[in-house]
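Report on the following structure.
There are 2 protein chains.
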Amino acid sequence: MQNFSDHLIAIIRKKNSCVVVGLDPHFKLIPDDIKQKFLNLHKPSLEYAARVILEFNIQVIDIITPYVGIVKPQIAFYELYGWWGIWAYAETIKYAKEKGLIVIGDVKRGDVPTTAEAYANAHIGEVYVNDTIETPFAADAVTVNPFLGTDSILPFIQTAKKHNKGIFILVKTSNPLSGEFQNLICGKKKLHEIIAEKTNEWGKDLIGKEGYSAIGAVVGATFPKEITTLRKVMPIAFFLVPGYGAQGATVQDIKYCFNKDGLGAIINASRSILYAYDISPWKEKYGITAWKEATREALIKMNEEINEIFLDVTK
Amino acid sequence: MQNFSDHLIAIIRKKNSCVVVGLDPHFKLIPDDIKQKFLNLHKPSLEYAARVILEFNIQVIDIITPYVGIVKPQIAFYELYGWWGIWAYAETIKYAKEKGLIVIGDVKRGDVPTTAEAYANAHIGEVYVNDTIETPFAADAVTVNPFLGTDSILPFIQTAKKHNKGIFILVKTSNPLSGEFQNLICGKKKLHEIIAEKTNEWGKDLIGKEGYSAIGAVVGATFPKEITTLRKVMPIAFFLVPGYGAQGATVQDIKYCFNKDGLGAIINASRSILYAYDISPWKEKYGITAWKEATREALIKMNEEINEIFLDVTK
Chain A
1 MQNFSDHLIA
11 IIRKKNSCVV
21 VGLDPHFKLI
31 PDDIKQKFLN
41 LHKPSLEYAA
51 RVILEFNIQV
61 IDIITPYVGI
71 VKPQIAFYEL
81 YGWWGIWAYA
91 ETIKYAKEKG
101 LIVIGDVKRG
111 DVPTTAEAYA
121 NAHIGEVYVN
131 DTIETPFAAD
141 AVTVNPFLGT
151 DSILPFIQTA
161 KKHNKGIFIL
171 VKTSNPLSGE
181 FQNLICGKKK
191 LHEIIAEKTN
201 EWGKDLIGKE
211 GYSAIGAVVG
221 ATFPKEITTL
231 RKVMPIAFFL
241 VPGYGAQGAT
251 VQDIKYCFNK
261 DGLGAIINAS
271 RSILYAYDIS
281 PWKEKYGITA
291 WKEATREALI
301 KMNEEINEIF
311 LDVTK
Chain B
1001 MQNFSDHLIA
1011 IIRKKNSCVV
1021 VGLDPHFKLI
1031 PDDIKQKFLN
1041 LHKPSLEYAA
1051 RVILEFNIQV
1061 IDIITPYVGI
1071 VKPQIAFYEL
1081 YGWWGIWAYA
1091 ETIKYAKEKG
1101 LIVIGDVKRG
1111 DVPTTAEAYA
1121 NAHIGEVYVN
1131 DTIETPFAAD
1141 AVTVNPFLGT
1151 DSILPFIQTA
1161 KKHNKGIFIL
1171 VKTSNPLSGE
1181 FQNLICGKKK
1191 LHEIIAEKTN
1201 EWGKDLIGKE
1211 GYSAIGAVVG
1221 ATFPKEITTL
1231 RKVMPIAFFL
1241 VPGYGAQGAT
1251 VQDIKYCFNK
1261 DGLGAIINAS
1271 RSILYAYDIS
1281 PWKEKYGITA
1291 WKEATREALI
1301 KMNEEINEIF
1311 LDVTK
């Protein structure tokens, strides 16, 4: 087993892509032909929704796997369908891993130490039931909220270390008001800069052969000014970058997420890939009946856009 | 339907208790007689664990219902058993509500607005599946992490308002290093004081007949010095207070969580009630075979201890 960051870099090189496809099911946007397969299950409805979501995810994974190595299911959109939704979340991870993809569980958990340990074991670790060891969700990495402090993060770090998994600490999130608390000036630094320093520090014990740590950072593409500073503060951290596409960030915005080696960042897109059929120019070109072609082409185009940055950054 | 805070106050008065029993299943500590009922299910193990947990919770709820009106399942200890664990979480909430208890889902969720909306609907709201409305978890309130800012909180507030539910914002958590970020000085105030001001502000639109808001705050009993300040900053917020019992806080520590009206706080205990049989003096008096008596007596004693503060505060 290799360090999570080496695993990440290997798959980026293999697929020639540092895109992450966010597997965020929006029930209304899932094509009707999938929904109709399960209409006999419309009661109970949560089971029906979960089965539709899983089938959609499987079809999406089949389309994207030749072009991308990383997926990121956002667990909130599964929790929305109760325990059936969580069943779909678990099965989605299992299928993605069978296809050789790296799975980042976007769970943003954070709690007091004993509780954080339970979350860490649930998502990237293991649990004993009498003498049997089970791996409940078995994601390769998770996102973690640092608000509770170092003792709430340590169980995730220890679990990541034990199982060669990764974590991404929320440093500067992509939502419009993320600065409200994250940009508060504490002494001479902004709160998110202090958390960035901690994140780089926490990561020093888990550095892989390529020089990156298994402890990364979530840095929103929607705040390009902060990115340059954060890149310097966290040289060994991989950035998981949300906000590209549907949230409005462009190629120029994410350019400085990358180091000179062309590495150090993975760029997430969810709605703009999964539901490309609903967005120009794919909407006009393909529409919903050819949603798979729209998704494929949107992903290929995103790969090309990002790879141009690579060439630019590594000049 | 009444405002969540009025609902809370009504049940506190009815049961003469402002205790919250934390339903935190620790598989190893669950008595063997319950585990043996499900041994034919030891494969698959996650299902077995989940069925044991649910049965334990049902027995606990039956014991505590005469003495307490509020329970707080911590979802991490259910996620630890995968989607089967979440099934046990959902069924636990359903059973507790059938018994007339108020259920606070301790989920500590927090995410960007569209994602926060999914979490809010999952836990205290509803979801449409085609034309059917489903309520996935149907807790009465949830805990929420404020790190992402106001736009990440608004979906929870709006959902709480629409369905007469409650939320508790993490203001000052009970873990030993909670001060690392939460006590940082931003200008003239500590970060958690700034969040406390926001919490009181967010709550002004959801005030019930008794003068309290449906937007409360999590304030750890383990930091008594902060409590007095926070009580002044958030006069209309109910405090959900963890840290009593197993985490070391005493009656004196939580005294100033209450307002002069004897209201404004609910005090959580988990391990010291659920596994009282494992703690002195109940360990010696009862032991594991009489675990129900230990739990009942520990709870009655905790009620008495806290009610003495009431008398003291309202003098």
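Residue numbers (this note's numbering), protein chains in the order written: chain A, 1 to 315; chain B, 1001 to 1315. We put the beta carbon where it would ideally sit given N, CA and C, even for glycine.
Boundaries around residue 268 of chain A are those of the beta strand (DSSP E), 265 to 269, since no alpha helix (DSSP H) includes it. Beta-bridge annotation (DSSP): residue 1073 of chain B is paired with B:1023. Residue 93 of chain A and residue 8 of chain A have their C-alpha atoms roughly 16 Å apart.
The beta-carbon distance between residue 1011 of chain B and residue 1086 of chain B, rounded to whole angstroms, is 26 Å. This is too long to meet the 8 Å contact definition.
With fewer than 16 other CB atoms across the displayed protein chains lying within 10 angstroms of its CB, residue 14 of chain A is exposed.
If you draw a straight line from the Cα of residue 1133 of chain B to the Cα of residue 1216 of chain B, it is about 28 Å long. For residue 1239 of chain B, the uninterrupted beta strand (DSSP E) run begins and ends at 1239 to 1241, by DSSP. With contacts defined as CB atoms closer than 8 Å, residue 144 of chain A and residue 169 of chain A qualify as a contacting pair. Between residue 29 of chain A and residue 275 of chain A, the C-beta spacing is below 8 Å.
Taking the C-beta atoms as reference points, residue 303 of chain A is found nearer than 8 Å to residue 17 of chain A.
At a Cβ-Cβ threshold of 8 Å, residue 1075 of chain B and residue 1052 of chain B do not count as neighbours. In the structure shown, the three-state DSSP call for residue 1249 of chain B is strand. Residue-level contact by beta carbon fails for residue 1200 of chain B and chain A, as no gap is shorter than 8 Å. According to the DSSP secondary-structure assignment, residue 1017 of chain B is paired through a beta bridge with no residue.
The C-beta of residue 286 of chain A comes no closer than 8 Å to any C-beta of chain B. Counting along the chain, the unbroken beta strand (DSSP E) around residue 1106 of chain B starts and ends at 1102 to 1109. When the Cα atoms are used, residue 1049 of chain B and residue 253 of chain A turn out to be separated by approximately 47 Å. Shown here for residue 162 of chain A: same chain residues with a beta carbon closer than 8 Å to its own, the five before and five after excluded, namely 125 in chain order.
The count of Cβ pairs closer than 8 Å, one atom from the stretch 1170 to 1189 of chain B and one from the stretch 188 to 198 of chain A, reaches three, so the stretches are in contact. Per the C-alpha coordinates, the member of A:279, A:305, A:289, A:271 positioned closest to residue 23 of chain A is A:271. According to DSSP, residue 1045 of chain B shares a beta bridge with no other residue. For the stretch 94 to 108 of chain A, residues whose beta-carbon sits nearer than 7 Å to a beta-carbon of chain B comprise 108.
In the three-state reduction of the DSSP assignment, residue 134 of chain A falls in the strand class, which pools E and B. Residue 47 of chain A sits buried, since 16 or more C-beta atoms from the chains shown fall within 10 Å of its C-beta. Counting along the chain, residue 1208 of chain B sits inside no alpha helix (DSSP H), nor does DSSP assign it H or E at all. Boundaries of the beta strand (DSSP E) around residue 1128 of chain B: 1127 to 1129. Only residues of its own chain outside the window of five on either side were considered, and among them 1251, 1254, 1255, 1258 have a CB closer than 8 Å to the CB of residue 1309 of chain B, listed in chain order.
DSSP lists A:186, B:1189 as the bridge partner or partners of residue 1186 of chain B. For a Cβ distance threshold of 7 Å, nothing in chain A lies close to residue 1017 of chain B: the least Cβ distance comes to about 24 Å.
In the structure shown, residue 286 of chain A adopts coil according to DSSP, grouped into three states. Around the C-beta of residue 225 of chain A, fewer than 16 other C-beta atoms lie within 10 Å, and the residue is accordingly described as exposed. Of the residues B:1150, B:1082, B:1073, B:1209, the one whose Cα lies closest to the Cα of residue 1097 of chain B is B:1073.
The three-state secondary structure of residue 279 of chain A, taken from DSSP, is coil. For residue 213 of chain A, the beta-bridge partners assigned by DSSP are A:207.
Taking all protein chains shown into account, residue 1140 of chain B has 16 or more neighbouring C-beta atoms within 10 Å of its C-beta and is therefore buried. If you ignore the 5 residues before and after residue 1068 of chain B, its C-beta comes within less than 7 Å of the C-beta of 1015, 1017, 1019, 1021, 1299, all in its own chain and listed in chain order.
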